Amino acid sequence: MTAMLPTAPAVQYETMIHALRTHSERRPDAIAYSFVSYPDPQDPHGETTSLTFHEMDRAARAFAATLQPIAEPGERAVLLLPPGLDYVKAFFGCLYAGIIAVPLFPPSTHNANGRLDAVCTDADPACLITTDDDMARVTSWLDASPTESTRLIVSTGEVDDAFAATWDWPDVDPEQSALLQYTSGSTRTPAGVMVPHRGLLANGRQVYDTLGRVGLGKDDDLAFVSWLPLFHDMGLMVGVVLPIIAGHQVVQLSASSFLRRPERWLQAISDAPQQTFAAAPNLGYELCAERITAEQRARLDLSRWRYGLAGAEPVRVSTVHKFREAFASCGLSESTLCAGYGLAESTLIVSVNWETRGGIRILTVDREELAKGVVAVTDSDGAEVVGAGSAVPGTTIAIVDPETRELLPEGRLGEVWVTGPAIANGYYNRPEETEAAFRARLSPPDGTHYLRTGDIGFLHDGELYLTTRLKDLIIVDGRNFYPPDLEATAEQAHALVLPGRCSAFAVTEGDREKIVVLVEARLQVGTEEGAAAAAELRKAVRQAIFDVHEVGVHEVVLVAPGAIPRTSSGKIQRSASRQAYLDQSLRVLRAK
0 MTAMLPTAPA
10 VQYETMIHAL
20 RTHSERRPDA
30 IAYSFVSYPD
40 PQDPHGETTS
50 LTFHEMDRAA
60 RAFAATLQPI
70 AEPGERAVLL
80 LPPGLDYVKA
90 FFGCLYAGII
100 AVPLFPPSTH
110 NANGRLDAVC
120 TDADPACLIT
130 TDDDMARVTS
140 WLDASPTEST
150 RLIVSTGEVD
160 DAFAATWDWP
170 DVDPEQSALL
180 QYTSGSTRTP
190 AGVMVPHRGL
200 LANGRQVYDT
210 LGRVGLGKDD
220 DLAFVSWLPL
230 FHDMGLMVGV
240 VLPIIAGHQV
250 VQLSASSFLR
260 RPERWLQAIS
270 DAPQQTFAAA
280 PNLGYELCAE
290 RITAEQRARL
300 DLSRWRYGLA
310 GAEPVRVSTV
320 HKFREAFASC
330 GLSESTLCAG
340 YGLAESTLIV
350 SVNWETRGGI
360 RILTVDREEL
370 AKGVVAVTDS
380 DGAEVVGAGS
390 AVPGTTIAIV
400 DPETRELLPE
410 GRLGEVWVTG
420 PAIANGYYNR
430 PEETEAAFRA
440 RLSPPDGTHY
450 LRTGDIGFLH
460 DGELYLTTRL
470 KDLIIVDGRN
480 FYPPDLEATA
490 EQAHALVLPG
500 RCSAFAVTEG
510 DREKIVVLVE
520 ARLQVGTEEG
530 AAAAAELRKA
540 VRQAIFDVHE
550 VGVHEVVLVA
560 PGAIPRTSSG
570 KIQRSASRQA
580 YLDQSLRVLR
590 AK
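In case it helps, numbering that gives the first Met the number 0 puts the sequence shown at residues 0 to 591.
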């Protein structure tokens with residue numbers, strides 16, 4: 000079964016360079032980017048610095064003029080920068096030079112730089128870009144790193160706006176890669192997705208066209224507000240790319256500012272005079288619902304918040320209910336929160352449910368039938384699945400049997416395959432993986448190449464619903480079990496379980512698959528009371544999963560808060576969880 004909306008209007012810019020230059024010429028004094036910092040930790044409004052479209056264009060030309068003598072078009076530059084306006088300048092500076100940007104982050108001072116080592120080795124950059132403040136840290140990391148990456152470092156302090164006059168427009172076409180977006184690595188080693196200018200512009204236009212259908216995004220009555228890291232695909236699209244394509248302002252704050260005080264994100268939304276668009280993974284909405292106090296909520300006006308996109312990880316039904324209930328008194332509309340689905344391989348967004356203005360849709364399906372791959376909607380107790388919306392204009396979603404490659408009808412569970420104008424060009428230096436993932440064909444073939452997402456889901460009334468990753472699927476005695484479903488049950492089993500902090504996976508014992516559940520819990524270890532509470536918690540999780548899913552759990556492992564591996568966007572890394580369990584490297588809570 001496939002789902003598709005009409006094709007979006009033709010992309011009006013040839014490259015991202017054309018997009019920013021056009022806005023600089025037509026609206027030079029309009030604010031493009033703002034960044035909020037918090038020198039006074041108690042001030043939820045913070046201090047804002049901004050750049051107009053003209054200032055952004057000039058800064059990009061100056062940065063490009065600095066890079067052009069040291070790197071050829073098509074070479075890579077790694078961004079080792081903290082959040083802020085310098086990050087945006089450097090990103091566009093790369094594009095203006097015809098250089099492929101590799102969005103990353105400064106090295107850690109705790110020597111946990113395995114991801115940087117791997118990415119820099121794979122990307123083979125011509126230069127690294129950082130700030131004066133982080134120069135010593137980058138140099139120290141390079142000295143200790145096994146990577147053979149270049150030692151040529153460009154500091155933002157070297158760039159002078161006067162250099163803009165010496166910039167040469169590069170020879171760049173829409174199919175050239177604008178960036179390498181390294182995957183989050185929730186199930187494997189990160190790979191560099193080659194995202195072309197065409198993909199950024201097409202996906203941006205798809206989103207903007209969808210917003211326009213409901214009257215949002217016209218004139219200047221729209222602002223984007225984001226705390227998402229710019230090295231993450233959703234953070235880069237929402238915090239950098241979409242605003243330029245749409246010609247609207249974006250207000251950024253750092254992820255650390257949000258994590259320290261979640262109210263800051265919602266305060267920035269409240270402070271914006273325009274209607275607002277914001278996005279976050281499920282974890283972001285969960286933290287807001289849990290940690291923003293009644294006193295803080297009283298300061299918020301969320302009546303102009305039109306769309307809160309929940310994506311990057313499965314959306315939990317419990318989070319939707321908690322968030323809506325927590326902020327209804329702040330003017331939050333029932334339909335503000337919307338779910339979407341996307342991945343770096345499709346630039347970002349594949350589907351979203353904001354067009355209907357009906358808010359998030361929750362479907363209850365029979366668990367036994369779902370375990371057989373059949374979707375049976377029920378009014379009785381069953382598995383609740385959150386809808387990820389319909390395909391954005393011009394994109395086709397197909398549900399396919401991953402073994403036979405046959406197209407499946409609506410109401411059948413299968414692998415999600417995607418085709419459309421925003422699909423990336425493949426994985427950098429990985430031709431075999433590119434062929435397997437980006438050139439998939441149905442059987443019998445329909446003349447189209449599809450992107451195999453590796454996600455399992457189904458279509459219902461034209462809307463996509465997701466259950467798990469193909470690699471995470473648990474099969475016990477011929478029945479399929481979906482880790483997010485098991486994890487949601489474990490989370491509700493006992494008050495000591497931390498929300499969103501469970502990881503379910505299978506281990507092989509003999510010739511059988513057995514289920515293991517890791518649980519981050521609030522426990523006082525080393526006491527008799529703690530030992531009793533731990534035993535009670537383990538028993539509650541086992542019993543809840545058996546009662547709901549009719550399957551036994553081999554082991555419930557209680558671990559310390561933060562022990563379960565996650566990606567940079569907050570997604571549970573189940574493969575890494577399984578490996579840590581097998582290696583016995585988990586920080587297990589031993590309440591004895």
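Even for Gly, the Cβ is constructed at its ideal location relative to N, Cα and C. No experiment lies behind these values; they were computed from the predicted model shown.
Where residue i falls, given that 16 or more other Cβ within 10 Å makes a residue buried
i, result
"residue 106", "buried"
"residue 185", "Caution applies to residue 185, whose pLDDT of 44 falls short of 50 and renders its modelled position unreliable; the value that the coordinates give is listed next. Residue 185 is buried by the Cβ-count criterion."
"residue 581", "exposed"
"residue 412", "buried"
"residue 419", "buried"
"residue 470", "exposed"
"residue 584", "exposed"
"residue 486", "buried"
"residue 378", "exposed"
"residue 405", "exposed"
"residue 135", "exposed"
"residue 380", "exposed"
"residue 570", "buried"
Contact check, residue i vs residue j, beta carbons under 7 Å
i, j, result
"residue 488", "residue 544", "yes"
"residue 236", "residue 347", "yes"
"residue 522", "residue 441", "no"
"residue 321", "residue 288", "yes"
"residue 518", "residue 496", "yes"
"residue 349", "residue 240", "no"
"residue 396", "residue 457", "no"
"residue 98", "residue 70", "yes"
"residue 415", "residue 363", "no"
"residue 229", "residue 344", "no"
"residue 361", "residue 383", "yes"
"residue 312", "residue 281", "yes"
"residue 92", "residue 63", "yes"
"residue 550", "residue 586", "no"
"residue 325", "residue 271", "no"
"residue 426", "residue 432", "yes"
"residue 43", "residue 208", "no"
"residue 169", "residue 13", "no"
"residue 66", "residue 89", "no"
"residue 117", "residue 15", "no"
Simplified DSSP assignment, three categories, for residue i
i, result
"residue 459", "strand"
"residue 417", "strand"
"residue 8", "Note on residue 8: pLDDT 36, under 50, position unreliable in the model; no value is reported."
"residue 452", "strand"
"residue 275", "strand"
"residue 186", "Low local confidence applies: a pLDDT of 43 at residue 186 is under 50, so the model's placement there is unreliable, with the coordinate-based value given in what follows. Looking at residue 186 - three-state DSSP - the assignment turns out to be coil, as it is neither helix nor strand."
"residue 383", "strand"
"residue 619", "Outside the modelled stretch of the chain, which goes from 0 to 591, sits residue 619, for which no answer is possible."
"residue 397", "strand"
"residue 266", "helix"
"residue 92", "helix"
"residue 162", "helix"
"residue 411", "strand"
"residue 33", "strand"
"residue 310", "coil"
"residue 464", "strand"
"residue 180", "strand"
"residue 3", "Note that residue 3 scores 41 on pLDDT, short of 50, meaning its location in the model is unreliable; the coordinates nonetheless yield the value given after this. Looking at residue 3 - three-state DSSP - the assignment turns out to be strand."
"residue 360", "coil"
"residue 23", "helix"
"residue 172", "coil"
"residue 41", "coil"
Beta-carbon separation (whole angstroms), residue i vs residue j, contact threshold 8 Å
i, j, result
"residue 127", "residue 194", "Wrong, their Cβ atoms sit about 20 Å apart, outside the cutoff."
"residue 238", "residue 255", "Rounded, the Cβ-Cβ distance is 15 Å, inconsistent with contact."
"residue 35", "residue 250", "6 Å"
"residue 32", "residue 50", "5 Å"
Within-7 Å CB hit, residue i to chain C
i, result
"residue 368", "The displayed structure is made up of one protein chain only, and chain C is not part of it."
| Can you list the beta strand (DSSP E) stretches of 3 or more residues lying completely in the segment 316-345, in chain order? | 336-341
Segments assigned alpha helix (DSSP H), at least 4 residues, entirely inside the segment 473-539:
482-492
* In the segment 535-590, which residue ranges form an unbroken alpha helix (DSSP H) of at least 4 residues, counting only runs that do not cross its ends? -> 573-582
Q | Runs of alpha helix (DSSP H) lying entirely within the segment 43-84, each at least 4 residues, in chain order | A | 52-66
* What residue ranges within the segment 86-151 form continuous beta strand (DSSP E) runs of no fewer than 3 residues, ordered along the chain? -> Counting only runs of 3 or more, we get 99-102, 126-129.
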